[in-house]
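Working notes, structure below.
In our numbering, the protein residues as written are 1 to 122.
Below is the structure:
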């Protein structure tokens, strides 16, 4: 079984992105696996978006809702999707996470529009 197949059954991954001074910041995030890529939806005014715009190198590991690491770290490259594709990714995320995703949409609405990015694992 591939790493991506194993990830499909997981709810959270820890996303490690980097500040300009290369300090790693870990954030537990929801994700979907689509077309051999990990896809993440977030809001445009979040710290992870700013960090990834400056440095596309990331690491991921499976984790709990609170960010406790439960799997091995894997390196990858993050790439933002065009805005036109973000709506489809939001639908995929909503399907996987259900009512929790709908609540998150409401709670995070002041953080800007949705953006989506993919992670291609090394």
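C-beta atoms are modelled at their ideal positions from N, C-alpha and C, and glycine is treated no differently.
Please classify residue i as buried or exposed, where buried requires at least 16 neighbouring CB atoms within 10 angstroms.
i	result
residue 6	exposed
residue 47	exposed
residue 49	buried
residue 25	exposed
residue 41	buried
residue 76	buried
residue 84	exposed
residue 51	buried
Verify whether the separation of the beta carbon atoms of residue i and residue j is less than 9 Å.
i	j	result
residue 78	residue 107	no
residue 121	residue 3	yes
residue 39	residue 118	yes
When you compare only the Cα positions, how much space is there between residue i and residue j?
i	j	result
residue 116	residue 95	16 Å
residue 149	residue 100	What the structure shows of the chain is the stretch from 1 to 122, and residue 149 is not part of that stretch, so it cannot be assessed.
residue 86	residue 45	15 Å
residue 35	residue 89	12 Å
residue 55	residue 12	22 Å
residue 33	residue 9	10 Å
residue 65	residue 27	10 Å
residue 14	residue 102	21 Å
residue 21	residue 63	25 Å
residue 71	residue 109	31 Å
residue 82	residue 111	19 Å
residue 16	residue 114	20 Å
residue 105	residue 69	25 Å
residue 53	residue 98	29 Å
residue 37	residue 80	12 Å
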